[in-house]
Amino acid sequence: AQKVTQAQTEISVVEKEDVTLDCVYETRDTTYYLFWYKQPPSGELVFLIRRNSFDEQNEISGRYSWNFQKSTSSFNFTITASQVVDSAVYFCALSEARRSQGNLIFGKGTKLSVKP
Amino acid sequence: NAGVTQTPKFRVLKTGQSMTLLCAQDMNHEYMYWYRQDPGMGLRLIHYSVGEGTTAKGEVPDGYNVSRLKKQNFLLGLESAAPSQTSVYFCASTRGGNYNEQFFGPGTRLTVL
């Protein structure tokens, strides 16, 4: 069965610390897609990144980086030199190719608090 | 481009009342979704539509109905609201398929007393 686990419910760091948000997924599909979304205190969901199952290259975008490892079914998200504006709930999500409707299966989210 | 909009932003209902949540998108997307977000539960799919005139059930469809009469609109109805339907409701749309990211509306916070 498909599932996304974000074991860290809440994380609190001090500004400028690095922080890694964990995401572990389960799927029987060989083709699937992984996503990260950010939900700031204002409530909207903001798309951060997409990765397909055939592309295990890590990705870096500014202070954000993602580590995708199929061997451990993980798609972890690291924020380097965190800032107060990074405070949000972060969701990891999975979409399976066999599900033509394309809906996302979300983890329960990790609430990140960055204190000044 | 407004993206995905939702009406209303907030609503309080009494048990047994009905209401309709409206989602509109101006990106010409084929696929649209309704999710609900509850504390500690992430987002769960209620219903979805892969095109105008089509709808299908998601993970938690009970107590809800939907309609997609126009491509740009996706309506979520509660016929007889229950306290268990107190939640934040998000609408999303995408071009289609599994690869494309979904664009989300700002959410509707619904309280059922």
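Residue numbers (the working numbering), protein chains in the order written: chain X, -19 to 96; chain D, 395 to 507.
For every residue, glycine included, the Cβ atom is placed at its ideal position computed from N, Cα and C.
Source: prediction; values computed, not measured.
Excluding sequence positions up to five away, which residues of its chain have a Cβ less than 7 Å from the Cβ of Ala476 of chain D?
Counted from its first residue, the second sequence places residue 476 of chain D at position 82. Correct list, in chain order: Thr409, Gly457, Val506.
Within its chain, find whatever has a CB closer than 6 Å to the CB of Glu(-3) of chain X; leave out the 5 residues flanking it on each side and keep chain order.
Within the first sequence, residue -3 of chain X is the residue found at index 17, counting from 1. Correct list, in chain order: Ser62.
If we cut at 9 Å on Cβ distances, does Val444 of chain D have a partner in chain X?
Looking up residue 444 of chain D in the second sequence gives position 50. True, the Cβ-Cβ gap to chain X drops below 9 Å.
Just the chain D side, please: which residues come within less than 8 Å of Gln37 of chain X by C-beta, in chain order?
Within the first sequence, residue 37 of chain X is the residue found at index 57, counting from 1. What Gln37 of chain X touches in chain D: nothing, since even the nearest Cβ is about 16 Å away.
Go through its chain and collect everything with a Cβ distance to Leu437 of chain D's Cβ below 6 Å, but skip five positions before and after it.
Taking the first residue of the second sequence as position 1, residue 437 of chain D is located at position 43. Closer than 6 Å at Cβ, skipping near neighbours: Tyr429, Gln431.
Residue environment, Gln37 of chain X, which counts as buried when at least 16 other CB atoms sit within 10 Å
As a first step, residue 37 of chain X must be located in the first sequence, where it is residue number 57. So Gln37 of chain X counts as exposed.
Along chain D, which residues have their Cβ under 8 Å away from the Cβ of Asn83 of chain X?
Counted from its first residue, the first sequence places residue 83 of chain X at position 103. Per Cβ cutoff of 8 Å: Tyr427, Leu439, Tyr442, Gly452.
What are the start and end residues of each continuous alpha helix (DSSP H) run of 4 or more residues lying completely inside the region 9 to 91 of chain X, in chain order?
none
Residue burial classification, Met426 of chain D (beta-carbon count within 10 angstroms, cutoff 16):
In the second sequence, residue 426 of chain D corresponds to position 32, counting from 1. Met426 of chain D should be labelled buried.
Please report the residue range of the beta strand (DSSP E) in which Lys(-17) of chain X lies.
Counting from 1 along the first sequence, the entry for residue -17 of chain X is found at position 3. Taken as a continuous stretch (DSSP letters only), the beta strand (DSSP E) holding Lys(-17) of chain X covers -17 to -15.
Closer than 8 Å by C-beta to Glu495 of chain D: which residues in its own chain qualify, once you throw out the five before and the five after it? Chain order, please.
On the second sequence, position 101 is the one that residue 495 of chain D refers to. Same-chain partners within the cutoff: Thr488.
If I measure Cβ to Cβ from Phe86 of chain X and keep anything under 7 Å in the same chain, skipping five residues before and after, which residues do I get?
Mapped onto the first sequence, residue 86 of chain X falls at position 106. Correct list, in chain order: Val(-16), Phe71, Ala73.
Check the Cβ of Glu76 of chain X against every Cβ in chain D and list those closer than 8 Å, keeping chain order.
Here residue 76 of chain X corresponds to residue number 96 of the first sequence, with the count starting at 1. Neighbours of Glu76 of chain X on chain D, chain order: Asn492.
Give me the chain X residues within the contact set of Gly436 of chain D, using Cβ-Cβ distance strictly less than 7 Å, ordered along the chain.
In the second sequence, counting from the first residue as 1, residue 436 of chain D sits at position 42. The answer, in chain order, is Phe71, Phe86, Gly87, Lys88, Gly89.
Quick check on the DSSP output: what are the complete beta strand (DSSP E) runs of length 3 or more inside the region 400 to 435 of chain D, in order along the chain?
Taking only runs of at least 3 residues, the beta strand (DSSP E) segments lying wholly in the region 400 to 435 of chain D are 404 to 407, 413 to 419, 425 to 432.
Compute the Euclidean distance between the alpha carbons of Lys91 of chain X and Ser474 of chain D, then round it to the nearest angstrom.
Walking along the first sequence from the start, residue 91 of chain X turns up at place 111. Walking along the second sequence from the start, residue 474 of chain D turns up at place 80. Cα-Cα distance, rounded: 33 Å.
By the DSSP assignment, the beta strand (DSSP E) with Ala396 of chain D in it spans what residues?
Locating residue 396 of chain D in the second sequence gives position 2, counting from the first residue. Here Ala396 of chain D belongs to no beta strand (DSSP E), and DSSP marks it neither H nor E.
Gln19 of chain X and Ala(-13) of chain X look like a contact to me (Cβ under 8 Å); what is the Cβ gap, rounded to whole Å?
Along the first sequence, one-based indexing puts residue 19 of chain X at 39. Along the first sequence, one-based indexing puts residue -13 of chain X at 7. Wrong, their Cβ atoms sit about 18 Å apart, outside the cutoff.
Does any C-beta atom of chain X lie closer than 9 Å to the C-beta of Pro402 of chain D?
Looking up residue 402 of chain D in the second sequence gives position 8. By this cut-off, Pro402 of chain D is not an interface position.
Any C-beta of chain D within less than 7 Å: which residues of the region 7 to 18 of chain X qualify?
Tyr13, Phe15
Under 7 Å by beta carbon: chain X residues contacting Phe468 of chain D:
As a working mapping, residue 468 of chain D is identified with position 74 in the second sequence. Ordered by position in chain X, no residue passes the 7 Å Cβ test against Phe468 of chain D, which lies about 13 Å from the chain.
With 9 Å as the threshold, decide whether the Cβ of Thr(-11) of chain X is near any Cβ in chain D.
Sequence index remark: in the first sequence, residue -11 of chain X carries index 9 (1-based). Cβ-Cβ to chain D under 9 Å: yes for Thr(-11) of chain X.
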